[in-house]
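Following full-length UniProt numbering, the residues of the sequence shown are numbered contiguously, the last one being 78.
Quick reminder that beta carbons are idealized off the backbone N, C-alpha and C, glycines included.
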Amino acid sequence: MSVEPKYRRILLKLSGEALGAQGSGIDAETVRRIAGEVKRVHELGVEVAMVIGGGNMWRGQMLPRPVLIVVPQTMLVC
Numbered sequence: 001m002s003v004e005p006k007y008r009r010i011l012l013k014l015s016g017e018a019l020g021a022q023g024s025g026i027d028a029e030t031v032r033r034i035a036g037e038v039k040r041v042h043e044l045g046v047e048v049a050m051v052i053g054g055g056n057m058w059r060g061q062m063l064p065r066p067v068l069i070v071v072p073q074t075m076l077v078c
């Protein structure tokens, strides 16, 4: 049975914490598992863009002052 993807392109946003072991650092096995899942989706013909971490910057929690971050719309189209 062939699976036809619903979308041709996707944007996958992962929290940096999703890659960690017990909430700190990066767990190699977790990264391998996620990479394998992304590979399987890509093999279905889906273009995958990934953003890992950076949530604190978007929310301004780690910035000394507010900053406007502009992302071109074409980068977000799926």
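{"query": "Close-in-space but distant-in-sequence residues of the same chain around residue 4 (CB under 8 Å, 5 per side omitted)", "result": "none"}
{"query": "Host alpha helix (DSSP H) of residue 49 (start-end)", "result": "Segment 47-52 is the beta strand (DSSP E) holding residue 49; no alpha helix (DSSP H) there."}
{"query": "Presumed contact (8 Å Cβ cut-off) between residue 51 and residue 13, rounded CB distance", "result": "5 Å"}
{"query": "Simplified DSSP state of residue 26, which is helix, strand or coil", "result": "coil"}
{"query": "CB of residue 45 within 7 Å of CB of residue 16, strictly", "result": "no"}
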